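Trainee: Sending over a structure as C-alpha cells; questions will come in a sec.
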Ligand SMILES: Cc1cc2nc3c(=O)[nH]c(=O)nc-3n(C[C@H](O)[C@H](O)[C@H](O)COP(=O)(O)OP(=O)(O)OC[C@H]3O[C@@H](n4cnc5c(N)ncnc54)[C@H](O)[C@@H]3O)c2cc1C
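Numbering (the numbering used here), first residue to last: 13 to 430.
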C-alpha cells in the first residue's frame, strides 16, 4: 500500500521535502494555510508600484549546495543570475570611496594579500583574526570572540554577518557566524559568487517547484490551514483542518514545516525560538542606470544593499526593527534620497519619488542569538510519524533559504531511512 506524506507548510522547507518524496514516487500532499506557496520567500503583484515584486530581496551564494541542488531538481537552476567570479562592489557613504571585493576561486585566500582585491584600508593580518570565529565555543557571541570595530569589521565582517544572521553582529551567535564563514570566505571564491533571482523569487524558487510537483501527481492544497494535530501515544493519529479531519494510516507520515510560533501552538511542549528580527525592503519602480551592478553593498547608510532588477531598484535593511515604527512615507523618502545619491537618478514626479513600496517583515528570521540558537529543536520528535522542518530547526545555519532547504531534505532523509 502506498503511504501518504502530509507536508504542512508550503514554504521552501515544505516544498523541498515534497520535491524529494515526489521524485521517489511517494504520494505527497502539501497543506498550505495561505492562498500562495513560498512563505517568506515569494513574489506578488503590488498595486503601489504596479508590478510584481518580491516580499524581500533574497541573495543566494554559489556555495549554497542544497539550494542549488533543489533548483537543479526542479529545472530552475538557470533562473539565477550572477557574475562569473565572486565580486562584490561596495560604496562607503561617509567617505565616498568605492571598491570591489574580489575573492579568488580556491580555498587559499590570495585575495587578502592583494590591495586591489581586499578591503581598502586593511592589512592581510587583520583577516587572520576572523579565524578565531571558526573555533568559537557554543554559547558565545561574535562580540565575545572578535573585536567588533576597525576598518575590516565595518567594511566586511559587519555587512556579511548582518546580512547572513539578520542581527546586530556583536550579539549574534558565534557558532552561526562560524558556519557562515566556513561556507563562504573559508570555502573560497567558488562558494561566494552572489546569485540573484532576477525574474523574481516565485518564478525561480516556487512556481517551478509547483509545476514539478503537479507533473508528478503531488497535491498542493492552498488555503488549507492545519488547526490541530491529534496525537496518539507514540504517533500522530489525525490532522484536523477545521472543516475536515484526515485520519492517518499506519504508514503515513507528517512533516511539519511551519514557522516556529505556529509549530509551538500545534505541538505540545515544543520549545522553539521565540524572538525575531525584522527585514525592511524598499522597492522603487525606475530603470536602473546603465552599468548599475545587480547588487551593491553600502557602508554607513540606512541602505545596506541596493539590488538592480529590470525596471526596479530595491533596497534591503537587515535587523531593521528600528525602522518598524517609522512612518512609511518618511522611510521611503529617506531611502530614496540615498538611492538617488548612489545612482545619480532623479524621479520626475510631483513627490520627487518614483512609485514605491515599503515591505516590513517583522518576523523575517528568528533572532540569531546564542539563547535562541539553543532553543532550535532537531527534526525528529517523540512521535514516530512526525518530523519537523523549517529554517528555525537545528540546521547549524542561520535562518536562510539554504537552511530551510537543508531542513526539508533532512526531514525527507529521516523518513526515507525508516
Ligand atoms: C524579507 C526577507 C529577506 C530574506 N532574505 C534572505 C536572503 O537574502 N537569503 C536567504 O537565504 N534567506 C533570506 N531570508 C530567509 C528565507 O526567506 C527563509 O529562511 C525561508 O524562506 C524560510 O522557509 P521556511 O519554509 O522554513 O518557512 P516559511 O517560508 O515561513 O514557510 C512556512 C509556511 O507554513 C505556512 N503555515 C503556517 N502555519 C500553517 C498551518 N497551521 N497550516 C498550514 N500551513 C501553515 C506558512 O503560511 C508558510 O507558507 C529572508 C527572509 C525575509 C522575510
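Beta carbons are placed, not taken as given, at the ideal position from N, Cα and C, and that holds for glycine. All values derive from a computational prediction rather than experimental measurement.
1) For residue 1, report the span of its alpha helix (DSSP H) as first-last.
2) So which of 130, 133, 98 has the shortest CA-CA distance to residue 118?
3) Can you find at least 3 beta carbon pairs, one from the stretch 249–268 and one from the stretch 386–403, that sit closer than 8 Å?
4) Count the other CB atoms within 10 Å of the CB of residue 66; is the residue buried (16 or more) or exposed (fewer)?
5) With 16 other CB atoms within 10 Å as the buried threshold, where does residue 140 fall?
6) Which residues bound the alpha helix (DSSP H) around residue 194?
7) Considering only residues of the stretch 345–391, which uninterrupted beta strand (DSSP E) runs meet the minimum length of 3 residues and lie entirely inside it, listed in chain order?
8) Out of 159, 391, 275, point me to the one whose CA is closest to residue 418's CA.
9) Say whether the stretch 134–150 touches the stretch 336–343, bearing in mind that this needs 3 or more beta-carbon pairs closer than 8 Å, one atom from each stretch.
10) Quick one: is the Cβ of residue 286 within less than 7 Å of any heavy atom of ligand 1?
11) Let me confirm a value: residue 156 is counted as buried when at least 16 other C-beta atoms fall within 10 Å, else exposed. Which label applies?
12) At a cut-off of 7 Å, is residue 171 close to ligand 1 when judged by its beta-carbon and the heavy atoms of the ligand?
13) May I ask which residues mark the beginning and end of the beta strand (DSSP E) holding residue 293?
14) Which whole-angstrom value describes the C-beta separation of residue 21 and residue 269, a residue pair presumed to lie in contact below a C-beta threshold of 8 Å?
15) Just checking residue 46 against ligand 1 - is the residue's beta carbon closer than 7 Å to any of the ligand's heavy atoms?
16) Per DSSP, residue 206 is paired with what?
17) Is the beta carbon of residue 270 within less than 7 Å of some heavy atom of ligand 1?
18) Quick one: using the 10 Å Cβ neighbour count with 16 as the cut-off for buried, is residue 70 buried or exposed?
19) Need the endpoints of the alpha helix (DSSP H) that residue 33 sits in, please.
20) Determine the direct distance from the alpha carbon of residue 298 to that of residue 127, and round the result to whole angstroms.
21) Given 8 Å as the limit, is there contact between the stretch 290–304 and the stretch 89–105, that is, 3 or more CB pairs closer than that?
22) Assign residue 224 to one of two classes, buried (16 or more other C-beta atoms within 10 Å of its C-beta) or exposed (fewer than that).
23) With a threshold of 16 other CB atoms inside 10 Å of the CB of residue 125, please say whether the residue is buried or exposed.
24) Which residue marks the beginning of the alpha helix (DSSP H) containing residue 218, and which one marks its end?
25) Assign residue 399 to one of three DSSP states: helix, strand, or coil.
26) Can you tell me where the alpha helix (DSSP H) holding residue 419 begins and where it ends?
27) Rounded to whole angstroms, what is the Cα-Cα separation between residue 169 and residue 354?
28) Among the residues of its own chain, which have a CB less than 7 Å from the CB of residue 314, if the five just before and after it don't count?
29) Just to confirm the assignment, what range does the beta strand (DSSP E) spanning residue 40 have?
30) Residues in the same chain with beta-carbon distance under 6 Å from residue 327, minus the five sequence neighbours each way, listed in chain order, please.
31) Could you give the residue range of the beta strand (DSSP E) that holds residue 120?
Mentor: The answer reads as follows:
1) Given that the chain is displayed from residue 13 to residue 430, the structure contains no residue 1 and the question cannot be resolved.
2) Locating residue 118 in the chain shown gives position 106, where the first residue counts as 1. Measuring from the Cα of residue 118, the nearest candidate turns out to be 98.
3) Yes: the two stretches touch, three or more of their Cβ pairs being nearer than 8 Å.
4) For the purposes of this step, residue 66 is taken as the residue at position 54 of the chain shown. Burial is judged here by how many other beta carbons sit within 10 angstroms of a residue's own beta carbon; residue 66 has at least 16 and is buried.
5) Start at 1 with the first residue of the chain shown, and residue 140 comes out as number 128. By the neighbour-count rule (16 or more Cβ atoms within 10 Å), residue 140 is not buried but exposed.
6) Numbered from 1 along the chain shown, position 182 holds the residue referred to as residue 194. Run containing residue 194: 186–195, per the alpha helix (DSSP H) assignment.
7) The stretch 345–391 contains these whole beta strand (DSSP E) runs: 368–378.
8) Looking up residue 418 in the chain shown gives position 406. Put simply, of 159, 391, 275 the residue whose alpha carbon is nearest the alpha carbon of residue 418 is 391.
9) In this structure the stretch 134–150 does not lie against the stretch 336–343, because fewer than three pairs of beta carbons, one per stretch, are closer than 8 Å.
10) For the purposes of this step, residue 286 is identified with residue 274 of the chain shown, where counting begins at 1. Because no heavy atom of ligand 1 lies under 7 Å away, the Cβ of residue 286 does not count as near it: no.
11) Position 144 of the chain shown, counted from the first residue, corresponds to residue 156. Label assigned to residue 156: exposed.
12) Within the chain shown, residue 171 is the residue found at index 159, counting from 1. Of the heavy atoms belonging to ligand 1, none sits nearer than 7 Å to the Cβ of residue 171.
13) For the purposes of this step, residue 293 is taken as residue 281 along the chain shown, with counting starting at 1. Per DSSP, residue 293 belongs to the beta strand (DSSP E) from 288–297.
14) What you label residue 21 is simply residue 9 of the chain shown in a count that begins at 1. What you label residue 269 is simply residue 257 of the chain shown in a count that begins at 1. Taking a contact as a CB-CB distance under 8 Å, the pair residue 21 and residue 269 counts as one, their CB atoms being some 4 Å apart.
15) To locate residue 46, count along the chain shown from 1; it is residue 34. The beta carbon of residue 46 sits closer than 7 Å to at least one heavy atom of ligand 1.
16) Along the chain shown, read from residue 1 onward, the residue named residue 206 stands at position 194. Checking the DSSP bridge columns, you'll see residue 206 partnered with 73.
17) One-based indexing of the chain shown puts residue 270 at position 258. Checking the Cβ of residue 270 against ligand 1 gives yes.
18) For the purposes of this step, residue 70 is taken as the residue at position 58 of the chain shown. Classification of residue 70: buried, given that the 10 Å Cβ count is 16 or more.
19) Against the chain shown, residue 33 aligns to sequence position 21. For residue 33, the uninterrupted alpha helix (DSSP H) segment begins and ends at 24–35.
20) As a position in the chain shown, residue 127 is number 115, starting the count at 1. As a position in the chain shown, residue 298 is number 286, starting the count at 1. Whole-angstrom Cα-Cα distance: 35 Å.
21) Between the stretch 290–304 and the stretch 89–105 there are fewer than three C-beta pairs closer than 8 Å, too few to call the two in contact.
22) By 1-based counting over the chain shown, the position of residue 224 is 212. Under this definition residue 224 is a buried residue.
23) As a first step, residue 125 must be located in the chain shown, where it is residue number 113. Residue environment for residue 125: exposed (fewer than 16 other C-beta atoms within 10 angstroms of its C-beta).
24) Numbered from its first residue, the chain shown carries residue 218 at position 206. For residue 218, no alpha helix (DSSP H) encloses it, and the DSSP letter there is neither H nor E.
25) The residue you call residue 399 lines up with position 387 of the chain shown. In this structure, residue 399 counts as strand in the three-state DSSP scheme.
26) Indexing the chain shown from 1 puts residue 419 at position 407. Annotation: the continuous alpha helix (DSSP H) that includes residue 419 extends over 413–428.
27) Position 157 of the chain shown, counting from 1, holds the residue named residue 169. Position 342 of the chain shown, counting from 1, holds the residue named residue 354. Cα to Cα, residue 169 sits roughly 22 Å from residue 354.
28) Here residue 314 corresponds to residue number 302 of the chain shown, with the count starting at 1. Excluding residues within five positions, the ones whose Cβ falls inside 7 Å are 329, 346, 347, 350.
29) Within the chain shown, numbered from 1, the residue matching residue 40 stands at position 28. For residue 40, the enclosing beta strand (DSSP E) has its first and last residue at 39–43.
30) Counting from 1 along the chain shown, the entry for residue 327 is found at position 315. Around residue 327, the same chain offers 294, 315, 318, 347 as residues with beta carbons nearer than 6 Å, after the five sequence neighbours per side are excluded.
31) Numbered from its first residue, the chain shown carries residue 120 at position 108. In this chain, residue 120 is not harboured by any beta strand (DSSP E), its DSSP state being neither H nor E.
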